[in-house]
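In our numbering, the protein residues as written are 391 to 568.
For every residue, glycine included, the Cβ atom is placed at its ideal position computed from N, Cα and C.
Report on one structure; see the data block that follows.
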């Protein structure tokens with residue numbers, strides 16, 4: 391049943407991604423991007439990564455959508471004419487997807503109990519996190535201590551994006567030309 395749900399969600403994500411590529415209206419792109427983030431959050435819930443799902447829902451669907459809509463407001467939602475060179479981005483996208491698919495062949499199977507992550511890292515986090523970090527919640531100790539710099543980097547990216555939007559709003563308020 392879980393694989394059926396995962397397959398359905400991934401299929402819907404692929405359809406939304408294809409729809410995003412075909413859109414010419416910026417508002418539709420923003421709405422579909424939010425939908426894609428919610429679908430990704432649903433996949434993460436099914437995979438029992440609820441903390442990452444909450445982050446994806448808040449940052450991916452919430453904050454990113456607000457930033458996209460704010461940028462659209464500042465640009466008056468004007469759309470660019472399609473480029474004549476559409477094959478170059480398509481070719482690059484296909485090459486990147488092929489590269490990632492090739493790289494995924496070296497990964498262990500999904501849920502493989504004998505993979506390195508389950509034998510070494512997960513057991514260490516579960517057994518030593520309290521003594522090494524002093525934090526009783528294992529998820530919190532991983533996010534705040536073991537992966538603290540990663541979490542700080544993510545926070546910095548969101549903060550910088552917010553400052554950028556505020557700077558754009560302040561330029562518009564002062565009467566700076568668009």
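Burial of residue 430 is indicated by the presence of at least 16 other C-beta atoms within 10 angstroms of its C-beta. In this structure, residue 529 and residue 438 do not form a Cβ contact; the two beta carbons are roughly 11 Å apart against a cut-off of 8 Å. In the structure shown, residue 476 falls within a coil segment according to DSSP collapsed to helix, strand and coil. Each residue's CA atom was taken as its position, placing residue 444 and residue 471 some 36 Å apart. CA-CA distance, residue 560 to residue 550, rounds to 15 Å. Distance from the Cα of residue 541 is smallest, within the candidate group 496, 449, 557, for 449. Here residue 413 is near residue 422, since their CB atoms are less than 8 Å apart. Nearest C-alpha to residue 523 among 506, 513, 536, 512: 536.
Annotation: the continuous alpha helix (DSSP H) that includes residue 418 extends over 416–436. Residue 428 and residue 447 do touch by the CB rule: their CB atoms are close to 7 Å apart, below 8 Å. Of the candidates 518, 399, 453, the residue whose Cα lies closest to the Cα of residue 544 is 453.
Annotation for residue 527: no alpha helix (DSSP H) segment contains it, and DSSP assigns it neither H nor E. If you look at residue 458, you'll find it in the alpha helix (DSSP H) that goes 454–464. Each of 394, 411, 458 was checked against the Cα of residue 483, and the nearest Cα belongs to 411.
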